[in-house]
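The structure appears right after this line, and notes come after that.
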Amino acid sequence: MKSYLIIFHLVLALFGFIFIEHHLDTPGRADADRESLMSDGSGIAARIAAVGQINSAQADSSSTTTQVASTSEAVVDGQKVYQSACIACHGAGVAGAPMVGNAAAWTDRIAAGNEIMYANAINGFVGSSGVMPGKGGNPTLSDAEVKAAVDHMVSKSQ
10 MKSYLIIFHL VLALFGFIFI EHHLDTPGRA DADRESLMSD GSGIAARIAA VGQINSAQAD
70 SSSTTTQVAS TSEAVVDGQK VYQSACIACH GAGVAGAPMV GNAAAWTDRI AAGNEIMYAN
130 AINGFVGSSG VMPGKGGNPT LSDAEVKAAV DHMVSKSQ
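Residue numbers (our numbering): 10 to 167.
Next comes the structure, spelled out in structure tokens:
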């Protein structure tokens with residue numbers, strides 16, 4: 010029992026020493042905090058400075074116009090769009106998707122007309138035979154790319 014009392018008193022003395030040491034330093038910390046608040050702010054500006062810089066220079070408009078014109082004139086390859094976005098479902102018939110090359114599965118869709126197929130492919134469609142997510146689940150595709158992919162699948166399925 011005596012050894013427990015000795016250990017208890019040693020631990021109590023240690024906590025007392027830490028408590029007193031902590032509070033002896035408090036006035037010094039308060040003075041340092043007060044000085045940082047009253048300073049000119051140069052230390053704060055250095056601590057919160059931005060890591061990068063914003064380039065607000067105006068771009069050369071002629072090169073931008075040329076680039077936009079060249080991309081708008083580019084021909085969209087329906088097969089590439091099909092390979093990248095559509096083949097996952099239309100290649101295996103997932104979720105009721107008509108498989109490319111299966112003319113019987115495409116007959117009713119082709120009879121409905123291209124505009125309806127384009128609208129369903131772009132906006133999405135829930136029908137009795139399955140679900141078509143808008144733009145095949147890839148919102149980065151443009152409407153022209155989706156239409157080209159539909160045209161490609163229809164041409165392979167007639």
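Virtual Cβ for every residue (Gly too), placed ideally from N, Cα, C. None of these values were measured; they are calculated from a predicted model.
Under the three-state reduction of DSSP output, Met141 falls in the strand class. Between Pro107 and Ala114 a beta carbon distance of about 4 Å is seen, short of the 8 Å cut, so the two are scored as contacting.
An exposed status is given to His32, since fewer than 16 other beta-carbon atoms sit within 10 Å of its beta-carbon. In the pairwise beta carbon analysis, the stretch 140-153 is classified as not touching the stretch 110-125: fewer than three pairs are separated by under 8 Å. Val20 carries a helical assignment under DSSP once its states are collapsed to helix, strand and coil.
DSSP links Phe134 through a beta bridge to Met141. For Thr149, the secondary structure class from DSSP, reduced to helix, strand or coil, is coil. Each of Ala158, Leu21 and Ile16 was checked against the Cα of Cys95, and the nearest Cα belongs to Ala158. Taking C-beta atoms under 8 Å as the contact rule, Met141 and Ala130 qualify, at a distance of about 7 Å.
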